Amino acid sequence: MKFLVDESSGKKLCNNLIAKGYDAVYVSDVIPGSPDEGVLKFAEREGRILITNDKDFAELVFRLRKPSSGAILLRLKRDVPKTRTDYLLSLIQGQENKLPGRFTVLTEMGNRVRRIE
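Using the working numbering, you'd call the opening residue of the sequence shown number 171 and step up by one each time.
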């Protein structure tokens with residue numbers, strides 16, 4: 171599984187994923203200043219699951235029906251790099267086969283997964 175970490179989720183999260191052995195790249199390192207639609211296109215082209223804190227991606231995927239390899243929207247109340255990393259790793263390790271092609275909203279209370287059509 172490959173990931174693209176949006177600027178809204180932070181470089182530290184990307185570095186933490188890499189340190190755990192995941193294939194992750196940070197948006198600013200590969201397509202700096204790109205608008206949301208460009209970020210989504212890059213993730214789709216590269217077969218990467220987008221990790222973001224930006225709710226606008228849900229609109230692009232569901233309302234505007236833009237193609238996506240998958241996305242994880244972080245909606246954490248205690249939104250600091252360590253918390254992001256801990257919850258995300260817990261999700262990834264328990265749901266690896268269920269993340270591609272789906273839009274996942276991750277909260278402290280659990281996660282909601284919806285297939286991208």
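Positions of the beta carbon are idealized from the N, C-alpha and C atoms, including for glycine.
Being a predicted model, the structure only gives us computed values, none of them experimental.
Excluding the five sequence neighbours on either side, which residues of its own chain have a C-beta within less than 8 Å of the C-beta of D206, listed in chain order? D224, D226, F227 and L230
Classify Y192 as helix, strand or coil using the three-state DSSP reduction. coil
With V197 as the anchor, note down where its alpha helix (DSSP H) starts and where it stops. V197 to V200
Our contact map puts L243 next to L261 with C-beta atoms below 8 Å; I'd like the distance itself, whole angstroms only. That belief does not hold up - the Cβ atoms of L243 and L261 are roughly 11 Å apart, past 8 Å.
So, with DSSP's three-state summary, where would you put I262? Note: I262 maps to helix in three-state DSSP.
Given this structure, state the Cα-to-Cα distance separating Q265 from R285, to the nearest angstrom. 14 Å
F212 versus M279 - alpha carbon distance: 30 Å
So what's G217 in DSSP terms, helix, strand or just coil? coil
Using the C-alpha atoms, what's the distance from R218 back to G191? 15 Å
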